[in-house]
Amino acid sequence: MSLDTFHSEVDPVATGQDMHRLIAELFPICRSITGDGLRHTLRILRTYIPLEMREVPTGTQVFDWTVPKEWNIRDAFVKNSRSERVIDFAKSNLHVVNYSIPVQRRISLSELKEHLYTIPEHPDWIPYRTTYYKESWGFCLSHRQMEGLTEDEYEISIDSTLKDGHLTYGEYFLPGDTQDEILISCHACHPSLCNDNLSGIAVAVSLAKHLASLPRHYSYRFLFIPGTIGAITWLALNEDKLPHIKHGLVLSGVGDDGKLHYKKSRRGNTEIDRAASHVLQHSGTPYELLEFSPYGYDERQYCSPGINLAVGRLSRTPHGTFPEYHTSADNLEFVHPDKLGESLAVCMKILSLLENNGTFVNLSPKCEPQLGKRGLYRMIGGQSEAGLNEMAMLWVLNLSDGSHSLLDIAERSGIRFESVQRAAKALKEQLLLREKFDFVSTAAG
Amino acid sequence: MSLDTFHSEVDPVATGQDMHRLIAELFPICRSITGDGLRHTLRILRTYIPLEMREVPTGTQVFDWTVPKEWNIRDAFVKNSRSERVIDFAKSNLHVVNYSIPVQRRISLSELKEHLYTIPEHPDWIPYRTTYYKESWGFCLSHRQMEGLTEDEYEISIDSTLKDGHLTYGEYFLPGDTQDEILISCHACHPSLCNDNLSGIAVAVSLAKHLASLPRHYSYRFLFIPGTIGAITWLALNEDKLPHIKHGLVLSGVGDDGKLHYKKSRRGNTEIDRAASHVLQHSGTPYELLEFSPYGYDERQYCSPGINLAVGRLSRTPHGTFPEYHTSADNLEFVHPDKLGESLAVCMKILSLLENNGTFVNLSPKCEPQLGKRGLYRMIGGQSEAGLNEMAMLWVLNLSDGSHSLLDIAERSGIRFESVQRAAKALKEQLLLREKFDFVSTAAG
Amino acid sequence: MSLDTFHSEVDPVATGQDMHRLIAELFPICRSITGDGLRHTLRILRTYIPLEMREVPTGTQVFDWTVPKEWNIRDAFVKNSRSERVIDFAKSNLHVVNYSIPVQRRISLSELKEHLYTIPEHPDWIPYRTTYYKESWGFCLSHRQMEGLTEDEYEISIDSTLKDGHLTYGEYFLPGDTQDEILISCHACHPSLCNDNLSGIAVAVSLAKHLASLPRHYSYRFLFIPGTIGAITWLALNEDKLPHIKHGLVLSGVGDDGKLHYKKSRRGNTEIDRAASHVLQHSGTPYELLEFSPYGYDERQYCSPGINLAVGRLSRTPHGTFPEYHTSADNLEFVHPDKLGESLAVCMKILSLLENNGTFVNLSPKCEPQLGKRGLYRMIGGQSEAGLNEMAMLWVLNLSDGSHSLLDIAERSGIRFESVQRAAKALKEQLLLREKFDFVSTAAG
């Protein structure tokens, strides 16, 4: 595998800037869980990676849910009696409650206020609100803006449509040496919000581009889907694929300057949970491990009891715990090229670990093999300390009894995975180890 | 089950005062492990709950033990040469070593002193001593009182009898929906001592009264028995009943103002151990969990290796760790109505948890069910935090795969059992859950 | 078993002085992994214990290794142009790199320096170096000594031989009641170094002498072998014996004044690991437990994956972590009679625990047996605390269900093993316990 060397070759600064540029390109579009904003977004992503766009008709039954009507919007505003647009969708698509039904009428200030949403604690920020599953309408605005509204007759216009159509999502499948898959999923339904979740989209696109150019043990499946209903739809329509998904990552909120958080899968101690823990532990940067809980992003669906995939989530500051969350302050300044680059690098290291986490069998298991005659050992004895690589070799030999993976060995020895992997490679070249499972023959099965 | 709502409806103050009154009523009686004091006590309890009184003849072999002779006492004193009663059983039944054989004679001070017991560190308290299994006699008195004794000829009189008779105990069985039983056991052999164990008796009586008026999944068996020999006797004569006992609690020392202590069963992680831990953890008051040890009260017998029941012990300050233990200072002032009420409330919560600790199966296990269309979910999305009840519902749905009880879910989520139970109830009403085991059909078996 | 009483009867001071005298006797000999120095050493040990000397021919294949040529040395020096011996093997055998090939020539200072080894941080100490598996030569000397060497023509002489011969080791087998064995292994290949490992040899000899005079459940096998190649050779030639080895200890570096360290076996929780932990925990002296790692002494071989014996290591300050390690400063002053005595005493306690770690069955498992009628219990009840021995008896009775050894009971109760053992003995004498396994009949099998 060459994923290992790859992640050290990625230039996180340049790649981070590329990702930030993609976020900037996607930022203005008014996305939702259905509709043309989502389609437009996926078409832009298609200029980076050859993803397939899927369309699922309104009314399709997906487990306990039904694919909703498609929502589109052209314009929306609130005008005062002097015909000034005091709230204007053209300025920010957050101004309209997402999925608002069409409205056209004149109302008083007090009636209007029943449909306005603000954040008093952050009076300059516009909140983000949705009404996907209840037909309703509303406007979001800064608290300061609302306080400036005077008694007046206001003209309300939401030029939207809500009718039968499709739910759209993007899917990109990268075949590997085996049918075993790693799933990378991110939600693509939020309008002008950068961290949540244009950052996840940008990291996923960058991952996909890089993986496409590398040899892969695993196949990779990237999903760009509307949150909740998109994951449910994909799972309902692709149940036959689930047995192939061995590991998965939900990417969300990976561009802010908070520390990295890995949220474990429902099962809690799967290989990807351990891989992510190991990578973060040796990352040299602050991080936190979160136990699974059934609240959050689409890991809720992947980790529902009847699905129960080994899917964790990588985020930086967890959703809901930073004030900019779901507000207009989650903007282009809130996400940072270097943080995007760091998130990408951590993903690559996790995937590299999974790609290389073989289980080996020591072919000379009775006592230590003589490393010296193979050039793997210090030649003059009696020195007080053996080097780290030697320790990695000794650990790999000692635990390669067919029941310990390289990650098991890294965890028990406290040595970082890359060193353990290099030691295994050197020992295999000396015919002191063989792989327990032949990946190629598995792929043929 | 309605145990759940019950425990919040008990008025701990009023019930605590009722319990304290019962303690005061029982306090003057000279109880022992056999005899009329114990019978008298059980007859008083019978005015509260319809318990059965059992009589087991002296000489009955009970496992490794033999039911001892019955002991009764009418009077006892030590008179000085001026015929003054310098030690008088009529003033406190603690003055006579419990199970003292009859004595009538005149002796010197030095001979008398060989039969006197005091507590030098607490010179005003009378100790409590017994000589059940060795025929002997003695008097207990305050150290100050003993220091006042002068050289003299003393008249000793213990007007007791020790002859073939019976060992008496009380048993109250409350049938429930199933034959599975919860055992509540307390020792009723101590004379004028309040915390040890009139407090346990009072809480058990109160529990029994309240449970009698409620629907019950479990059957309940209350034992009011002499310590050690009573538990051994009951177990030896009722081996056929042991398979039905699923959980049990020994109640002792539950009226002092120390913090609550739950001592785990020998098995250490049984359902009642976990239920008690959970209830105490969410009780809002200080508490301590004690690992099992083979020293203590009748849990020693219930948790002996050949019996090995899931029986824990609820106490406040553990026996032997407070100076008033087994002295005249364990009196009516040492036990407090509010503490008795709190102990009762904790018992009720533990029993309520056991009664309601079902295991459910999510009927919509693939992805989350759509709670919104069932009125179980916030209607406007995008808010930063879901409420606690919603979290409880999500946890119940996520873990109800047939292998997690509600207590498992409460433990993993950190949410208190009552919230989890309410969430399960709401989900079951919406046909999103079914119980894994039908309790009623089990009861028929 | 009487090992129990034995270890308290050993006089650690006198025995420590005996061990120190043996170290002093062995100190001057130039040992190596083969050759006459090793033979001479074993012959001296034979005056203490009747060990067998084994000779394995050069060229014998032992797993992945080959028994090397035998090395012997008579003299070695470096003379300056005035014929003064500026480096002299006769003064310290550390001066010659162990296994140096024969050399005889005149060279310049700069050429000489390519073959010199010093320790700049400790300018007065001579380092210890070896070149077992690479034909080479060299001298070791103090840094100060090297700095005094002037430009000159030097005469180099190493009067050694390296040719086909034998690898020698010593083996002493002490039969016990069963074929189950405890292995005690120490390396005997280091020249004039005291802690590493004349200390291990001295403690092993003392152990062997003492064990020989005691009844033994286990058989004991003592190995005095060259490090690494000796352990590999013994294991390769004795594979049939491995199933009998139930426990083992490598002894090395047990004479310095650092705290005791026990390094666990690869399996990590074997009976000897737990026995050593228990003994150290109750030793009253500072100690440390080390997890297994595949670096160290011959536990590397005993714990290789294809051998995987329950062998731990007892040391004081671990090798490589004290500056005197592998230098001339590891001399007679560096090891202390009292520390040798303490190490011996701890070994004896560990072995005593293993010898006595029976599993018993409570013959009266339903409720507690009546200890009082057997004289095992306080006669007057009501005291606030039971003594420790009583607690040990209660624990032994409670856990002797056939699935807990005495060590299990000691660990769970927190009571030291000797008290648990005494309690079991008392209970067995009262016919309240029987041993689960009859050791004698096992031995016959």
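Chains as they are written, first to last, in the working numbering: chain P, -4 to 440; chain B, -4 to 440; chain S, -4 to 440. Note that CB positions come from ideal geometry on N, CA and C, so glycine has one too.
Cutoff 9 Å: Tyr292(P) Cβ touching any chain B Cβ: no
Residue-chain proximity (Asp403(B), chain P), Cβ-Cβ < 9 Å: no
First through last residue of the alpha helix (DSSP H) which encompasses Pro300(S): Run containing Pro300(S): none; DSSP gives neither H nor E here.
Where the alpha helix (DSSP H) through Arg417(S) begins and ends: Phe412 to Glu424
Close beta carbons around Pro332(B), own chain, < 6 Å, minus the five adjacent residues each side: Gly11, Gln12 and His15
Cβ-Cβ distance between Gly307(B) and Lys258(B) below 9 Å: yes
Interfacial residues, the segment 48 to 59 of chain B to chain S, with Cβ spacing under 7 Å: Phe58 and Asp59
Contacts that Asn303(P) makes with chain C (C-beta to C-beta distance below 8 Å): The chain labelled as chain C is not found among the protein chains of the depicted structure, namely P, B and S.
Secondary structure, alpha helix (DSSP H): runs of 4+ residues fully inside the segment 91 to 123 of chain S: 104 to 108
First through last residue of the alpha helix (DSSP H) which encompasses Cys342(B): Pro332 to Asn351
CB contact below 9 Å: Ser395(P) versus chain S: yes
Selected residue, minimal CA-CA separation from Glu130(B), among Phe219(B), His110(B) and Leu358(B): His110(B)
Counterpart residues of Gly54(B) in DSSP-defined beta bridges: DSSP output for Gly54(B) lists no bridge partner at all.
Closest residue to Val249(P) among Ser310(P), Phe217(P) and Val8(P) (Cα-Cα distance): Ser310(P)
Under 9 Å between C-beta atoms of Leu246(B) and Leu237(B): no
Length at least 3, wholly inside the segment 248 to 302 of chain S: the beta strand (DSSP E) runs in chain order: 255 to 258 and 282 to 285
Cα-Cα separation between Asn351(S) and Ala271(S), rounded to whole angstroms: 14 Å
Range covered by the alpha helix (DSSP H) that runs through Asn393(B): Leu383 to Leu394
The segment 92 to 103 of chain P / the segment 187 to 199 of chain P touching (three or more Cβ pairs under 8 Å): no
Per-residue DSSP class, three states only, for Asp13(B): helix
Residues bridged to Lys158(S) [DSSP beta-bridge criterion]: Glu65(S)
Proximal chain P residues relative to Arg295(S), where beta-carbon distance stays under 7 Å: Glu363
Per DSSP, the bridge partner or partners of Trp443(P): With chain P running from -4 to 440 in the structure shown, residue 443(P) is simply not present.
Where Ile24(B) sits in the DSSP three-state scheme: coil
Interface flag, Asp6(P) vs chain S, CB-CB below 9 Å: no
Under 7 Å (Cβ pairs) to chain P, residues found in the segment 339 to 363 of chain B: Asn357, Ser359, Pro360, Lys361, Cys362 and Glu363
Chain P contact for Ser408(B) (CB, 9 Å cutoff): yes
Close Cβ partners of Gly160(B) (< 6 Å) along its chain, the five nearest in sequence each way excluded: Thr53 and Glu65
Short CB-CB distance (under 9 Å) between Cys298(B) and chain S: yes
Minimum Cβ-Cβ distance from Ser288(B) to chain S less than 9 Å: yes
Proximity of Ala441(S) and Asp268(S) at Cβ, strictly below 9 Å: Outside the modelled stretch of chain S, which goes from -4 to 440, sits residue 441(S), for which no answer is possible.
Other residues of its chain near Phe434(S): CB distance less than 7 Å, five sequence neighbours each side excluded: Residue placement at Phe434(S) cannot be trusted, given a pLDDT of 47 that sits under 50; the coordinates are not used to answer.
Nearest-angstrom Cα separation, counted from Glu116(P) out to Gln140(P): 14 Å
Straight-line Cα distance separating Ser398(S) from Thr228(P): 53 Å
Range of the contiguous alpha helix (DSSP H) that encloses Gly32(S): Asp31 to Leu40
Nearest-angstrom beta carbon gap, Thr223(S) and Glu50(S) [assumed within contact, 8 Å]: Contact doesn't hold; Cβ gap of about 18 Å is too wide.
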